[in-house]
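In this text, residue positions in the sequence shown follow the numbering used here: the first is 1, and each later residue adds one.
Beta carbons: idealized from backbone N, C-alpha and C, even for Gly.
Quick notes on the structure that follows.
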Amino acid sequence: MPLKYKIDVLSALKEKGYNTNKIRTEGLLSQSTLQKFRNQQGVSWENLETLCRLLDCQPADIIEYVREADVSERG
Numbered sequence: 001m002p003l004k005y006k007i008d009v010l011s012a013l014k015e016k017g018y019n020t021n022k023i024r025t026e027g028l029l030s031q032s033t034l035q036k037f038r039n040q041q042g043v044s045w046e047n048l049e050t051l052c053r054l055l056d057c058q059p060a061d062i063i064e065y066v067r068e069a070d071v072s073e074r075g
């Protein structure tokens, strides 16, 4: 996948005071979305927008584009 997370999303949320229980109980993100963050999988635009709001950041602070050739060379 050419889009990669630049940060550990769950750690960044925790630093802002959002543990996974609080996120679920307040309905900020679903359990399946949290699991996608754990597994470094892509999420919807809506979830990315929510994440930017919670972390007070821009999408480029969270994700980056890595060309496929670059990915295979790093691996």
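Under the DSSP assignment, residue 64 falls outside any alpha helix (DSSP H), being part of the beta strand (DSSP E) whose first and last residues are 63 to 65. If only complete runs of 4 or more residues are kept, the region 26 to 61 shows the alpha helix (DSSP H) at 31 to 38 and 45 to 55, in order along the chain. Three or more beta-carbon pairs drawn from the region 52 to 66 and the region 7 to 18 are found closer than 8 Å, and the two stretches are therefore classed as touching. Per DSSP, the unbroken beta strand (DSSP E) holding residue 4 starts and ends at 3 to 5. The criterion of a C-beta distance shorter than 8 Å is satisfied by residue 6 and residue 64.
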